[in-house]
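Numbering (my numbering), first residue to last: 12 to 152. For each residue, glycine too, the CB sits at the ideal point set by N, CA and C. What you are looking at is a predicted structure, and each value in this text was computed from that prediction instead of being measured. Below: the structure, in structure tokens.
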């Protein structure tokens with residue numbers, strides 16, 4: 012991944028399969044390797060624990076195993092049916108097959124919500140690694 016649009020440097024992520032302790036992987040940090048005739052320094056990646064997207068209710072912040080929702084939600088339109096049933100049962104898809112509605116943006120009162128809950132243009136998707144941002148979207152009353 013390029014570090015910016017005008018940069019001549021990039022970042023490559025490589026998974027090193029190691030023990031749980033990661034002792035072998037740590038020994039590579041700050042070493043130099045040659046890739047394509049260029050010296051490249053190996054750096055340790057910062058852990059990025061993201062917030063979970065529930066595949067049951069399509070809301071961020073919890074896993075489907077602890078979801079308290081009574082039913083499933085379609086990731087495309089946010090209505091109570093599965094994604095598989097979207098084209099068959101959804102009234103929205105009959106009127107406009109490309110219509111989308113984000114469950115998270117609707118709940119947070121966002122004005123732009125004409126995308127699905129799993130769309131990369133969704134602000135929740137773009138901030139999925141920022142737990143503080145996600146918490147600020149739904150302040151406790």
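Legend entry - Through-space distance from residue 113 to residue 123, alpha-carbon basis: 9 angstroms
Inset, instruction - Decide if residue 70 is buried, meaning its Cβ has at least 16 other Cβ atoms within 10 Å, or exposed. - result: buried
Inset, instruction - List the whole-angstrom C-beta distance separating residue 117 from residue 126, where the pair is believed to meet the contact cut-off of C-beta under 8 angstroms. - result: Between residue 126 and residue 117 the Cβ distance is about 11 angstroms, and since that is not below 8 angstroms, they are no contact.
Inset, instruction - Let me know the secondary structure DSSP gives residue 49 once reduced to three states. - result: strand
Inset, instruction - Tell me whether the beta-carbon of residue 65 lies closer than 9 angstroms to the beta-carbon of residue 85. - result: no
Legend entry - Alpha carbon of residue 93 to alpha carbon of residue 83, nearest angstrom: 7 angstroms
Legend entry - Residue from 121, 22, 115 and 20 with nearest C-alpha to residue 73: 115
Inset, instruction - Quick one: residues in its chain with C-beta nearer than 8 angstroms to the C-beta of residue 131, no 5 flanking neighbours on either side, listed in chain order? - result: 137
Inset, instruction - Mind reading off the beta-carbon distance from residue 78 to residue 68? Whole number of angstroms is fine, and I expect it under 8 angstroms. - result: 5 angstroms
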